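K.L.:
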Amino acid sequence: MIMKRTGSSLYSRRVFDGYCLSSLKRDFHERGSQVSCQQKSTKQNLLSSIQVESPNTLKSKFLLGPLHSVGSFKLCDFHSKYVKPQHRIQPVREYCSALFITNDKLSQLCSNVSPSYDVKHVLENEDLIVNQLKQRRIDISEFDFTQMREKYKEFVGVEKITTELEHKLVDLEQYLLVNKSKLEPSQLEKKYLERKQLKAEIKKFDSFMLDYQRNVIIKVLKLPNYLDNSTPEVYETIYEYDPDREGKNKIDMDALSKYVQYTNRLDIHYLGNAAKFEYLIPIILKDYFTVKHNFMPFTNTDLCKGVIVEGYGDHYLSPHDNMVLVNNENDLSEIGYEERRNHLVGSAHMSMFCAYHTNHSVNVKDLPVKYVTSGKQYGFHNLLCENTLKTSKHSRVENLYNSIQREKVNLFVGTNNHENLCKEFQNIQSLLKSVMDKLNMKYRICKAPADVLRTSESHRIEYQVYSYSLNSWVTCMDVCLNNDYVSKRLSMCYHRSVTSYEKQYLHILNANVFVNTLLVNYLENNRDLDVEQFRKSLNTEP
Numbered sequence: 000m001i002m003k004r005t006g007s008s009l010y011s012r013r014v015f016d017g018y019c020l021s022s023l024k025r026d027f028h029e030r031g032s033q034v035s036c037q038q039k040s041t042k043q044n045l046l047s048s049i050q051v052e053s054p055n056t057l058k059s060k061f062l063l064g065p066l067h068s069v070g071s072f073k074l075c076d077f078h079s080k081y082v083k084p085q086h087r088i089q090p091v092r093e094y095c096s097a098l099f100i101t102n103d104k105l106s107q108l109c110s111n112v113s114p115s116y117d118v119k120h121v122l123e124n125e126d127l128i129v130n131q132l133k134q135r136r137i138d139i140s141e142f143d144f145t146q147m148r149e150k151y152k153e154f155v156g157v158e159k160i161t162t163e164l165e166h167k168l169v170d171l172e173q174y175l176l177v178n179k180s181k182l183e184p185s186q187l188e189k190k191y192l193e194r195k196q197l198k199a200e201i202k203k204f205d206s207f208m209l210d211y212q213r214n215v216i217i218k219v220l221k222l223p224n225y226l227d228n229s230t231p232e233v234y235e236t237i238y239e240y241d242p243d244r245e246g247k248n249k250i251d252m253d254a255l256s257k258y259v260q261y262t263n264r265l266d267i268h269y270l271g272n273a274a275k276f277e278y279l280i281p282i283i284l285k286d287y288f289t290v291k292h293n294f295m296p297f298t299n300t301d302l303c304k305g306v307i308v309e310g311y312g313d314h315y316l317s318p319h320d321n322m323v324l325v326n327n328e329n330d331l332s333e334i335g336y337e338e339r340r341n342h343l344v345g346s347a348h349m350s351m352f353c354a355y356h357t358n359h360s361v362n363v364k365d366l367p368v369k370y371v372t373s374g375k376q377y378g379f380h381n382l383l384c385e386n387t388l389k390t391s392k393h394s395r396v397e398n399l400y401n402s403i404q405r406e407k408v409n410l411f412v413g414t415n416n417h418e419n420l421c422k423e424f425q426n427i428q429s430l431l432k433s434v435m436d437k438l439n440m441k442y443r444i445c446k447a448p449a450d451v452l453r454t455s456e457s458h459r460i461e462y463q464v465y466s467y468s469l470n471s472w473v474t475c476m477d478v479c480l481n482n483d484y485v486s487k488r489l490s491m492c493y494h495r496s497v498t499s500y501e502k503q504y505l506h507i508l509n510a511n512v513f514v515n516t517l518l519v520n521y522l523e524n525n526r527d528l529d530v531e532q533f534r535k536s537l538n539t540e541p
């Protein structure tokens, strides 16, 4: 099933043998004279089974009534034998951004999200942006600021001209609407000619506007968030705790074999007390954040649209960063990667909260909004840092830490300005530190360097446990500062009154607790998986 966005609605087009039924119906009529009488009768029977609904309905466009009982393969067979197809279905995503649709695709595609961007501000801060791109180790050759500046100067002049022409066109249309019946035929013809000339003048700038959108606007939308001043160039430890500083830490690989059924990074099953730990810890933490710290419990879906993924800052077309669902009704070579619609991110991914707030405004009296959810997160994310030992002997431990699907607790906070966000940022750090203290593990708190930050993050604090088998620190929790970067891209807003039309964007942060990392570290160090003791220690906290 191929999903295509038209206006504000979505409709589905069922595809047989790479061609849509509308094309098939048209080809039937065009080539009816080329088939025999028997073939004509078969054609009529098939056409009578196809019912086409009104294009304004939200239901499926093609209802296959009796055709279901016959089987779609018969239609495919008839189509391949007697009809030469002329109208191939075009890929749904023949554009370089799901977030911003260029003018040449507006007749076929539409995005309900209108990202906010400031090209002038970007060009004025070129030096800062280039330095931060280098800090993040992003290739700056993709961003030709000289070309962008030249095109922006041209755009300013073109925009002024087109705005004046559009105002004239609107005034003329309004004049014709009111005085059309009062004008003489010669005067009316003159006005129509004037309207045609205005439209032609505006259309002259279409090619420039398309070039400007492709080479400036989309490049600006690819830029990452501004880095916070406190973001270091390398990992910077701000706190470290070791309950066994004077003791000997022994690696117990037998515990891993006893409690873990490992096939590959995607197929991992925990057994016995380990399964109990993985199941109960998210519930305990979710209750703790909800009851003790006034977070609102949330339940999200696992699937997310590409426009949300790109708005969040991920590379939505990269197979290394995303798990996507591909249309499997046709050959993959026919569809291509461009047609992937749904991304499997998991219910505990921050983008699901972003999807909830997209094109949504919150009353300032309800801020800050604080949500908590637990569930899966899917994706190829590396939680290891400073890994000094990589051998086949410990490859399984490394894959357990970096499993493709992991259990996670996710916290989301949205507020109205940067100052309040920083207060919430400090509160979340203290909250996670108290959780880590209750777990009684060797851990450290550190600032993540710029080159490991995600596109949407300006600053990140990581809580890392130590793996003795890998001689590496592994991230088990983090707190990420996003500011208003995602909010501007996805129109996540707040308002001061119901009559206020000014867009004011949420400042947001999110925090993650990676349950599988804690579990594997417990097993690796042969610690007691006493979930009830952990629950009691959290409940006794004042």
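Numbering (numbering that gives the first Met the number 0), first residue to last: 0 to 541.
Heads up, the beta-carbon is just placed ideally off N, CA and C, and yes, glycines get one too.
Keep in mind that this is a model prediction, so the values were computed, not measured.
#1: Should Ile267 and Ser402 be called a contact, given that it needs their Cβ atoms to be closer than 7 Å?
#2: Give me the residue from Leu220, Tyr240, Thr230 and Val155 with the minimum Cα distance to Phe204.
#3: Determine the contact status of Leu420 and His506, defining contact as a CB-CB distance below 7 Å.
#4: What first and last residue would you give for the beta strand (DSSP E) that runs through Ser360?
#5: Among Glu501, Arg526, Asn409 and Asn263, which has the Cα closest to the Cα of Asp477?
#6: Taking only three categories from DSSP, how would you classify Glu235?
#7: What are the partner residues of Ala510, as DSSP defines its beta bridges?
#8: Would Phe297 and Thr414 be called neighbours here (beta carbons separated by less than 7 Å)?
#9: Just the Cα atoms here: how many angstroms apart are Met349 and Asn481?
#10: Leaving out five residues on either side along the sequence, give the residues of the same chain with a beta carbon under 7 Å from the beta carbon of Tyr287.
#11: What whole-angstrom Cβ distance do Phe533 and Leu438 have, given they're in contact under 8 Å?
#12: Taking only runs that begin and end inside the segment 90-156, name each unbroken alpha helix (DSSP H) of 4 or more residues, in chain order.
#13: Mapping the DSSP letters down to three states, classify Ser536 as helix, strand or coil.
#14: Report the three-state DSSP secondary structure of Lys375 (helix, strand or coil).
#15: So what does DSSP say about Arg526, is it helix, strand or coil?
#16: By alpha-carbon positions, which one of Ser455, Phe379, Pro367 and Tyr400 ends up nearest to Glu418?
#17: Give me the Cα-Cα distance between Ile201 and Thr101, rounded to the nearest whole angstrom.
#18: Could you check whether the Cβ of Leu537 sits closer than 6 Å to any heavy atom belonging to the ligand NAD?
#19: Sort Phe99, Asn124, Ser110 and Glu125 by Cα distance to Ile217 and report the nearest one.
#20: In the structure shown, what three-state DSSP assignment does Arg459 receive?
#21: Within the same chain, show all residues whose beta-carbon is closer than 6 Å to that of Ile427, passing over the 5 residues directly before and after it, in chain order.
#22: What are the boundary residues of the beta strand (DSSP E) that includes Gln260?
#23: Apart from the five residues just before and just after Tyr211, which ones in its own chain have a Cβ nearer than 6 Å to its Cβ?
#24: Indicate whether Phe144 and Glu125 have their beta-carbon atoms separated by less than 7 Å.
#25: Nearest by alpha-carbon distance to Lys195: which of Lys167, Ser486 and Lys502 is it?
#26: Helix or strand or just coil, what does DSSP make of Ser625?
#27: On the DSSP bridge list, what partners appear for Leu324?
#28: Look at the alpha carbon of Thr539 and the alpha carbon of Lys291, and state the distance between them as a whole number of angstroms.
#29: Determine the contact status of Leu226 and Val530, defining contact as a CB-CB distance below 7 Å.
#30: Determine the DSSP secondary structure at Met351, reduced to helix, strand or coil.
#31: By a C-beta neighbour count over all protein chains shown, 10 Å radius and 16 as the cutoff for buried, is Phe379 buried or exposed?
#32: Is the distance from the Cβ of Lys369 to the Cβ of Val434 below 7 Å?
#33: Please name the residue, chosen from Leu164, Leu255 and Val464, that lies closest to Leu197 on a Cα-to-Cα basis.
#34: Smallest Cα separation from Val543: which of Ser499, Ser180 and Glu193?
P.N.:
Once the coordinates are examined:
#1: Position 268 of the sequence shown, counting from 1, holds the residue named residue 267. Position 403 of the sequence shown, counting from 1, holds the residue named residue 402. Their beta carbons are under 7 Å apart, which means Ile267 touches Ser402 by this criterion.
#2: Locating residue 204 in the sequence shown gives position 205, where the first residue counts as 1. For Phe204, the nearest C-alpha among the options comes from Val155.
#3: Here residue 420 refers to the residue found at position 421 of the sequence shown. Here residue 506 refers to the residue found at position 507 of the sequence shown. Contact: yes.
#4: Your numbering for residue 360 matches position 361 in the sequence shown. Per DSSP, Ser360 belongs to the beta strand (DSSP E) from His359 to Asn362.
#5: Taking the first residue of the sequence shown as position 1, residue 477 is located at position 478. Among Glu501, Arg526, Asn409 and Asn263, the Cα nearest to that of Asp477 is on Asn409.
#6: One-based indexing of the sequence shown puts residue 235 at position 236. It is a strand residue.
#7: Stepping through the sequence shown from its first residue, residue 510 is reached at position 511. Looking at the DSSP assignment, Ala510 forms a beta bridge with Leu410 and Val478.
#8: Indexing the sequence shown from 1 puts residue 297 at position 298. Indexing the sequence shown from 1 puts residue 414 at position 415. Result no, Cβ atoms of Phe297 and Thr414 do not sit closer than 7 Å.
#9: Looking up residue 349 in the sequence shown gives position 350. Looking up residue 481 in the sequence shown gives position 482. Straight-line Cα distance between these residues: approximately 11 Å.
#10: Mapped onto the sequence shown, residue 287 falls at position 288. If we look at Tyr287 and ignore the five residues flanking it on each side, its Cβ neighbours are Leu537.
#11: For the purposes of this step, residue 533 is taken as the residue at position 534 of the sequence shown. For the purposes of this step, residue 438 is taken as the residue at position 439 of the sequence shown. Sure, about 7 Å apart at Cβ, within 8 Å.
#12: 118-123 and 125-134
#13: Here residue 536 refers to the residue found at position 537 when the sequence shown is read from its first residue. Here Ser536 sits in helix by DSSP.
#14: Translated into positions along the sequence shown, residue 375 becomes position 376. Of the three classes helix, strand and coil, the one that applies to Lys375 here is strand, per DSSP.
#15: By 1-based counting over the sequence shown, the position of residue 526 is 527. It is coil, neither helix nor strand.
#16: As a working mapping, residue 418 is identified with position 419 in the sequence shown. Looking at the Cα atoms, Pro367 is the closest of the given residues.
#17: The sequence position of residue 201 within the sequence shown is 202, counting from 1. The sequence position of residue 101 within the sequence shown is 102, counting from 1. Cα-Cα distance, rounded: 17 Å.
#18: The ligand NAD is not part of this structure, which contains no ligands at all.
#19: On the sequence shown, residue 217 is found 218 positions in, with the first residue counted as 1. That would be Phe99, whose Cα lies nearest to the Cα of Ile217.
#20: Residue 459 sits at position 460 when you count from the first residue of the sequence shown. Three-state result, Arg459: strand.
#21: Sequence index remark: in the sequence shown, residue 427 carries index 428 (1-based). If we look at Ile427 and ignore the five residues flanking it on each side, its Cβ neighbours are Val478 and Ala510.
#22: Here residue 260 refers to the residue found at position 261 when the sequence shown is read from its first residue. Counting along the chain, the beta strand (DSSP E) containing Gln260 begins and ends at Val259 to Tyr261.
#23: Within the sequence shown, the letter at position 212 stands for residue 211. Excluding sequence neighbours, Tyr211 sits near Lys150 and Phe154.
#24: By one-based count along the sequence shown, residue 144 stands at place 145. By one-based count along the sequence shown, residue 125 stands at place 126. Against a cut-off of 7 Å, the Cβ pair of Glu125 and Phe144 comes out as a contact.
#25: For the purposes of this step, residue 195 is identified with residue 196 of the sequence shown, where counting begins at 1. The shortest C-alpha separation from Lys195 is found at Lys167.
#26: A query on residue 625 cannot be resolved here, the shown segment of the chain reaching from 0 to 541 and no further.
#27: Along the sequence shown, read from residue 1 onward, the residue named residue 324 stands at position 325. Asn341.
#28: Here residue 539 refers to the residue found at position 540 of the sequence shown. Here residue 291 refers to the residue found at position 292 of the sequence shown. C-alpha separation (whole angstroms): 11 Å.
#29: The residue labelled residue 226 in the question sits at position 227 within the sequence shown. The residue labelled residue 530 in the question sits at position 531 within the sequence shown. Not a contact, by the Cβ cut-off of 7 Å.
#30: For this step, residue 351 is matched to residue 352 along the sequence shown. Helix, per DSSP.
#31: Here residue 379 refers to the residue found at position 380 when the sequence shown is read from its first residue. So Phe379 counts as exposed.
#32: In the sequence shown, the residue the question calls residue 369 occupies position 370. In the sequence shown, the residue the question calls residue 434 occupies position 435. No. Outside cutoff.
#33: Locating residue 197 in the sequence shown gives position 198, where the first residue counts as 1. Checking every option, the nearest Cα to that of Leu197 belongs to Leu164.
#34: Lying outside 0 to 541, the shown extent of the chain, residue 543 is not represented and no answer is given.
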